[in-house]
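Residue numbers (the working numbering), protein chains in the order written: chain E, 4 to 419; chain G, 4 to 135. Beneath this line is the structure, given in structure tokens, with notes to follow.
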């Protein structure tokens, strides 16, 4: 371990869209910024997302994942961010001291502000507890995407996809283009989990069947996967006896959800929200630990990289301001933000009483149409906005201005 | 009197994924197409294209020799006719590039008669001779 402890204003952990955007905006605000990432290449998961559809909000044009990443890497470089690849943060304390581990060294880094941007990981077969044997050929959709797009490895010939998340849908098309026979997508819920445009361009274009209200009940095969038994599931998510059928396949991809990766955050004493599995944050994206901020998929799962990057911009600016002005001696009063009817969660979970503008990000509990989003403070409507349609797969955002601060004890977001 | 045709089309131009309800008599044209459900004017152009000659962008990988990565990613510079997507994919199967490659490098021009180029979307540096 190097004896030296390096000091800087802001450290950003993770070089995906949220981390790169946070680092660039923190540097633009005037802070000295160090960004660390454990991979050889910056860009995070964007590097393996070679499909297009990124950047419409951030740049007003349609880009592939690697192109979108390159824009942010360039932006961070121009802003003067010091970027360290092949660097894994193995410790983070509440005093904002980090231990960085590289192939040749370990060193301490101390910062006035830390931005958590570590992203998320995929749910695995073990978490689903599907009965059956344990053959080769069962992958998470993202692992199959990495093998196909980054490592030039063919994952299989006859593919079944469990879960209709966007990565699974994108992989259905990708593997079809690679010459595989994608035999179907199986979704437990009565509606798809991915964006509707991906149902059209990834499944419908190639006649790939989508089995809603179905899931896997048994995995077969010794050595290599030979087939998967699927069955219809009721609204209580229980399989209906007598509806089983076997699908012959040598490959099963799991696209069944993402979980924010908060091991480091937990060890630093950051409180997590049970409904997002990410940190509790205020309107500046600061966690309960003074000077530690969170953004992107480590805070809550985003459906678009553009939104993760935008959240990073905001968190990076806050982190820089905190580092440059120091924490205030006067305790800051925060009020709770609650999820009302038909809302699954809201980020941020608290808002400073002095906040002048709050961006509320939330998800609805089920598909719905022609409703109104109402943001209220102690029952008084602050803002209402029509919601033409909403889907649990799609994050909704509302920007609320509260000139002169908030004279209330709680904010609530609900649908009427 | 020609019967009116009604169709539902999901717009793929942006993540909103508008559910377009279109109606037309005979051949759909910009003048005759009735449309509802679009949040922006591009929905009309998309619906017309989707009804007459649907287009898609192909994104795939190409092998790179001598690079820090075994392959790079590429895309068609513009959307191409949907029925040509698999032919373009096939035409790219035999292509090998030499590192370094940069975003925007042209891999093939006028691929499979579509009039569209295929370009690199991910930079790959040359592998250092001294690296193990």
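Glycine included, C-beta positions come from ideal geometry on N, C-alpha and C.
Looking at chain G, is there any beta carbon in it that lies within less than 9 Å of the beta carbon of residue i?
{"i": "residue 56 of chain E", "result": "yes"}
{"i": "residue 388 of chain E", "result": "no"}
{"i": "residue 69 of chain E", "result": "yes"}
{"i": "residue 31 of chain E", "result": "no"}
{"i": "residue 202 of chain E", "result": "yes"}
{"i": "residue 397 of chain E", "result": "yes"}
{"i": "residue 347 of chain E", "result": "no"}
{"i": "residue 65 of chain E", "result": "yes"}
{"i": "residue 154 of chain E", "result": "yes"}
{"i": "residue 314 of chain E", "result": "no"}
{"i": "residue 391 of chain E", "result": "yes"}
{"i": "residue 375 of chain E", "result": "no"}
{"i": "residue 43 of chain E", "result": "yes"}
{"i": "residue 196 of chain E", "result": "no"}
{"i": "residue 150 of chain E", "result": "no"}
{"i": "residue 2 of chain E", "result": "Residue numbering for chain E in the displayed model covers 4 to 419; residue 2 of chain E lies beyond these limits and cannot be assessed."}
Leaving out five residues on either side along the sequence, give the residues of the same chain with a beta carbon under 7 Å from the beta carbon of residue i.
{"i": "residue 378 of chain E", "result": "363, 385, 386, 401, 403, 414 and 416"}
{"i": "residue 87 of chain G", "result": "115 and 117"}
{"i": "residue 30 of chain G", "result": "none"}
{"i": "residue 135 of chain E", "result": "221, 222 and 223"}
Going by beta-carbon coordinates alone, are residue i and residue j separated by less than 9 Å?
{"i": "residue 152 of chain E", "j": "residue 64 of chain G", "result": "yes"}
{"i": "residue 22 of chain G", "j": "residue 392 of chain E", "result": "yes"}
{"i": "residue 122 of chain E", "j": "residue 19 of chain E", "result": "yes"}
{"i": "residue 254 of chain E", "j": "residue 141 of chain E", "result": "yes"}
{"i": "residue 78 of chain E", "j": "residue 24 of chain E", "result": "yes"}
{"i": "residue 186 of chain E", "j": "residue 222 of chain E", "result": "no"}
{"i": "residue 85 of chain G", "j": "residue 68 of chain G", "result": "no"}
{"i": "residue 88 of chain E", "j": "residue 49 of chain E", "result": "no"}
{"i": "residue 218 of chain E", "j": "residue 261 of chain E", "result": "no"}
{"i": "residue 108 of chain E", "j": "residue 248 of chain E", "result": "no"}
{"i": "residue 70 of chain E", "j": "residue 125 of chain G", "result": "yes"}
{"i": "residue 346 of chain E", "j": "residue 367 of chain E", "result": "yes"}
{"i": "residue 71 of chain G", "j": "residue 41 of chain E", "result": "no"}
Establish whether the CB of residue i and some CB of chain E are separated by less than 9 Å.
{"i": "residue 68 of chain G", "result": "no"}
{"i": "residue 60 of chain G", "result": "yes"}
{"i": "residue 106 of chain G", "result": "yes"}
{"i": "residue 92 of chain G", "result": "yes"}
{"i": "residue 20 of chain G", "result": "yes"}
{"i": "residue 111 of chain G", "result": "no"}
{"i": "residue 9 of chain G", "result": "no"}
{"i": "residue 135 of chain G", "result": "Note that residue 135 of chain G scores a pLDDT of 45, beneath 50, so its modelled location is shaky and nothing firm can be said."}
{"i": "residue 100 of chain G", "result": "no"}
{"i": "residue 42 of chain G", "result": "yes"}
{"i": "residue 73 of chain G", "result": "yes"}
{"i": "residue 125 of chain G", "result": "yes"}
{"i": "residue 15 of chain G", "result": "yes"}
{"i": "residue 130 of chain G", "result": "no"}
State the CB to CB distance for the pair residue i and residue j, rounded to an integer number of angstroms; the pair is presumed to be in contact (CB under 8 Å).
{"i": "residue 13 of chain E", "j": "residue 271 of chain E", "result": "About 16 Å separates the two Cβ atoms, so there is no contact after all."}
{"i": "residue 61 of chain G", "j": "residue 75 of chain G", "result": "Rounded, the Cβ-Cβ distance is 15 Å, inconsistent with contact."}
{"i": "residue 303 of chain E", "j": "residue 279 of chain E", "result": "4 Å"}
{"i": "residue 57 of chain E", "j": "residue 47 of chain E", "result": "About 12 Å; that fails the 8 Å criterion."}
{"i": "residue 397 of chain E", "j": "residue 276 of chain E", "result": "Not a contact, Cβ separation roughly 20 Å."}
{"i": "residue 226 of chain E", "j": "residue 138 of chain E", "result": "6 Å"}
{"i": "residue 358 of chain E", "j": "residue 405 of chain E", "result": "6 Å"}
So, at 6 Å on beta carbons, what are the nonlocal neighbours of residue i in its own chain, with the 5 sequence-adjacent residues on each side left out?
{"i": "residue 375 of chain E", "result": "387, 389 and 419"}
{"i": "residue 11 of chain E", "result": "35, 37 and 114"}
{"i": "residue 274 of chain E", "result": "283 and 291"}
{"i": "residue 372 of chain E", "result": "392"}
{"i": "residue 309 of chain E", "result": "60 and 61"}
{"i": "residue 133 of chain E", "result": "219 and 222"}
{"i": "residue 124 of chain E", "result": "262 and 264"}
{"i": "residue 85 of chain E", "result": "37"}
Sorted by chain position, which residues of the same chain lie with C-beta nearer than 8 Å to residue i's C-beta, five sequence neighbours on each side aside?
{"i": "residue 316 of chain E", "result": "24, 25, 27 and 28"}
{"i": "residue 353 of chain E", "result": "283, 284, 285, 286, 337, 338, 339 and 340"}
{"i": "residue 135 of chain G", "result": "Unreliable placement is indicated for residue 135 of chain G, whose pLDDT of 45 sits below 50; no coordinate value is reported for it."}
{"i": "residue 95 of chain G", "result": "63, 65, 77, 110, 111, 114 and 121"}
{"i": "residue 7 of chain G", "result": "26, 27 and 28"}
{"i": "residue 209 of chain E", "result": "175, 176, 179 and 185"}
{"i": "residue 103 of chain E", "result": "39, 87, 90, 91, 92, 93, 109, 110, 111 and 112"}
### Query
Is there contact here, the stretch 71-91 of chain G with the stretch 116-128 of chain G, by at least three beta-carbon pairs under 8 Å?
The stretch 116-128 of chain G and the stretch 71-91 of chain G touch, with three or more beta-carbon pairs separated by less than 8 Å.
- Within the chosen definition, does the stretch 11-26 of chain G reach the stretch 195-210 of chain E through at least 3 CB pairs nearer than 8 Å? The answer is yes - the stretch 195-210 of chain E touches the stretch 11-26 of chain G, with three or more Cβ pairs under 8 Å.
Inset, instruction - Determine, using beta-carbon pairs with one atom in the stretch 162-179 of chain E and one in the stretch 256-268 of chain E, whether at least three such pairs fall under 8 Å. - result: These segments touch.
| query | How about the stretch 296-303 of chain E and the stretch 114-128 of chain E: do they share at least three Cβ pairs that are nearer than 8 Å? | reply | The count of Cβ pairs closer than 8 Å, one atom from the stretch 296-303 of chain E and one from the stretch 114-128 of chain E, reaches three, so the stretches are in contact.
Can you find at least 3 beta carbon pairs, one from the stretch 212-232 of chain E and one from the stretch 175-192 of chain E, that sit closer than 8 Å? Contact between the stretch 212-232 of chain E and the stretch 175-192 of chain E is present, because at least three Cβ pairs lie under 8 Å.
Are the stretch 35-52 of chain G and the stretch 95-110 of chain G touching by the rule of at least three beta carbon pairs closer than 8 Å?
-> As far as the Cβ criterion goes, the stretch 35-52 of chain G does not touch the stretch 95-110 of chain G, which means the pair count is below three.
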